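If you read the sequence shown in this note's numbering, its first letter stands for residue 74, the second for the next number, and so on. Note that the Cβ used here is the ideal one computed from N, Cα and C, for glycine as well. Values in this document were obtained by computation on a predicted structure and should not be read as measured data. Heads up, the thing below is written out as structure tokens.
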Amino acid sequence: MIPNIIHFIFGMAPDFGGMPFSLVNYLAIKSAVEINKPDAVLFHYDFEPRGSWWEKSKPLLTLNKIKAPESFMGRPLYHVAHKADVVRLLALKETGGIYIDLDSICVKPLQEFLGHSFVIGQEQKPEYIPKNWRQKYKYAFRNYFHLIDTNTITGLCNAVLLSEKNSEFVNLWLDTYASFRSKGHDKYWNEHSVRVPQQLAEKYPDKVTILDPYAFYYPLYNKPGLEDMFEKVTPFPKAYLHHLWEHFSWDDYLSHLTGKDIFETDTTYNCIARKYL
């Protein structure tokens with residue numbers, strides 16, 4: 074049984090990865106608390122956030138000061154995102170519960186999944202868009218003969234995870250870090266956060282419950298997806314929460330979003346978020 078404990082992680086570096094604690098992070102916490110009614114909300118951090126939205130969030134949280142790991146299983150962790158990847162798995166191993174990225178907003182309760190051992194959602198690859206005539210010709214040829222799937226699954230994403238305490242799947246996943254090799258934004262960037270769990274699920278299907286991309290990771294992080302979330306009002310009836318893809322949405326949308334914007338402009342995100350302000 075997965076305990077109804079929610080985990081958040083923030084502040085793995087003193088500069089907060091260039092994205093300080095904001096209104097969006099407060100709304101991630103507030104929506105998760107109001108919708109899921111957890112028994113506890115653990116906030117794991119090395120460097121404590123600052124600001125008015127942080128002060129508003131603190132009463133909802135149990136703070137857990139940690140040291141961001143510099144390495145794990147003998148492998149160095151260079152990027153703050155990879156440090157947070159390890160911290161979330163260790164937290165779920167220790168206590169179990171529900172891990173949610175702080176660039177998310179909850180829509181429906183997750184209680185129906187608490188009877189499983191480990192739950193994770195698929196991440197979908199945005200449709201490939203050819204950039205020149207050679208790519209367009211090659212794309213059309215392969216698509217005509219069904220040699221390419223334009224909306225394939227990238228893997229299983231670790232932005233939302235539900236796990237029993239010390240679950241078999243979380244232990245299998247942690248063991249794979251003996252081969253961790255990413256040094257940042259390189260070709261191995263999402264190897265252990267997206268591709269490895271997919272490989273494990275294929276090998277141990279009885280140890281994991283997989284949800285389709287529409288549960289947590291839709292709309293996507295491409296231009297049409299971000300417009301659906303932040304410029305249009307689009308229904309997503311299968312969503313339990315929306316991951317906001319802050320690495321793609323921060324500059325154009327999240328960094329300057331205000332409460333006034335949320336109340337005065339109808340968008341998919343704003344219509345969900347305003348009830349928590």
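Item, Value
"Cβ neighbours of Phe253 in the same chain (closer than 6 Å, five flanking residues each side left out)", "Arg148, His265"
"Spatial distance of Met74 from Gly188 (CA atoms)", "5 Å"
"Integer-rounded CB distance, given that Thr282 should sit under 8 Å from Val192", "5 Å"
"For Gln195: DSSP bridge partner residues", "Leu229"
"For His189, three-class secondary structure by DSSP", "coil"
"Cβ-based burial, Ser125 [other Cβ within 10 Å; buried from 16]", "exposed"
"Supposed contact pair Pro292 and Met302 - C-beta distance, whole angstroms, cut 8 Å", "5 Å"
"CB contact flag (Lys354, Ser177, <8 Å)", "Outside the modelled stretch of the chain, which goes from 74 to 350, sits residue 354, for which no answer is possible."
"Presumed contact (8 Å Cβ cut-off) between Leu165 and Tyr172, rounded CB distance", "6 Å"
"Burial state of Gly170 (16 or more Cβ within 10 Å)", "buried"
"Beta-carbon separation (whole angstroms), Asn137 vs Leu163, contact threshold 8 Å", "The Cβ separation is near 11 Å, so there is no contact."
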